Structure formats: structure tokens, C-alpha cells
Amino acid sequence: MTAYIALAVVVVIVIWAIALYNRLRTHKNQVENAFAQIDVQLKRRHDLIPNLVEVARGYMQHEAQTLEAVIRARGEAVSAADKARQSPGKAQAMGALMAAEQVLGGQVGRLMALAEAYPTLKADARMQQLSEEITSTENRIGFARQSYNDEVLEFNNQAGQFPDLIVARLVGFVHMDMLASTQSEQERAVPQVRF
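Position 99 of the sequence shown, counted from 1, bears residue number 98 in numbering that gives the first Met the number 0, the numbering being contiguous throughout.
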């Protein structure tokens, strides 16, 4: 009789551990899917930037350093995105990605600010379209980042609660990091309106 009770306890523990593992795996898959959505938008942004630089190059011959800085920042962002894609949720990869994207955003912002000084460039239909597409993509990245952070929070909450924590650690599920905004303090600042 005691053997049956011990066997029943073991079976219940195994079933509980399997159910918990499956729940954690589901959350981890949701985090990976949410990162894939960010990755799609980052790739779109990375693909738009060379076109933006080419349009600007025709009008901004004296701004070669700015154009090259944008291209360099894009290359670094693409490299960081490739590394982050291999390990979504890992602190080092996510930090490098956000740092590279912040530099890229700053360089693109600088390019757009300089474009204001070139009325013919500002009026160019291709430049207007690319600017709108980049702005739209930035918004999509923001929404995708919010979704990713929500999924990471769900995963971390699940994997960090006792007794789930025990199974999570046994099978190698570790804390995942959220993505911070890639906007600088200046870009996030609320515009001041004065009359």
C-alpha cells in the first residue's frame, strides 16, 4: 500500500513538472515570437536607410561625413540585430542591440535635421516617402517592443515564482531582459509650447 502511495506522489510530481515545463516553454516561445516581430521591423528600417542615404547623397554632397556615419551606424545595428536574433532575452545581446539602434536613430535624426537645410531635398517625393516610411516603421518598432516587454514580463513572472522557479532553473530557463527605448532623452522630451 505504501508503495502505491509513493508511486502516486511521484506520478503527480512528474505530471506537475511536465505541465509547468510546457507552460514555461509556451511563454519562452511567445517571447521569441515577440522578438521576431521587432526583428522584422528593424530589418525593414535597416533596408530603408540606404535608400534614404542615396536620395540625400544627391543633394548633400557637402555632408559626406554625416552620410557615412549613418551607413556605419546601420552596419553596426544590423550586426547587433544578428547577434540578438541568436539569443533573444540575453542581457548582453539586448543591450548591444539597443545601444546600436540608439546610435542609428541619432544618426538618422541628424540626417533628417540636416535635410531641413536643403529645400529641394525636403521637397523630393522619394525623400518624403522614405521619411514617412521610416516614421511608420519607428512606430511599429515601438509597438513591437512593448509587446516583447509584456511577454518577457509574463515569462519572468512565471519562471520567478516558487515552486515554478525550481523547475525553471532545473531546465535552464533564466531571467530575460526587457528592451529599453532606443530614443535619446532629447527625442523623448515633450515639446514645450510657448506663446
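Ideal Cβ placement from N, Cα and C applies to all residues, glycine included.
In this text the structure is predicted, and so the values were computed from the model without any measurement.
Between the beta-carbon of LEU47 and that of THR136 there is about 7 Å, and that keeps the pair under the 8 Å contact cut.
Here VAL170 is not near TYR3, since their CB atoms are 8 Å or more apart. With a beta-carbon spacing of about 16 Å, ILE37 and ILE133 fall beyond the 8 Å limit used to define contacts.
The alpha-carbon of GLU31 is positioned some 6 Å away from that of PRO87. For the 8 Å CB-CB criterion, ASN155 and MET175 form a contact. By the C-beta density criterion, VAL107 is buried, having at least 16 other C-beta atoms within 10 angstroms. In the structure shown, HIS61 falls within a helical segment according to DSSP collapsed to helix, strand and coil.
By the criterion of a C-beta distance shorter than 6 Å, ALA76 is surrounded in its chain by ALA99, GLU100 and LEU103, once the five residues flanking it on both sides are discounted. Only residues of its own chain outside the window of five on either side were considered, and among them LEU129 have a CB closer than 7 Å to the CB of ASN50, listed in chain order. The closest CA to that of LEU41, considering only ALA112, ALA122, VAL10 and ALA80, is found on ALA80.
For the 8 Å CB-CB criterion, LEU178 and MET97 form a contact. Per DSSP, reduced to three states, the secondary structure at PHE161 is coil, with no helix or strand assignment.
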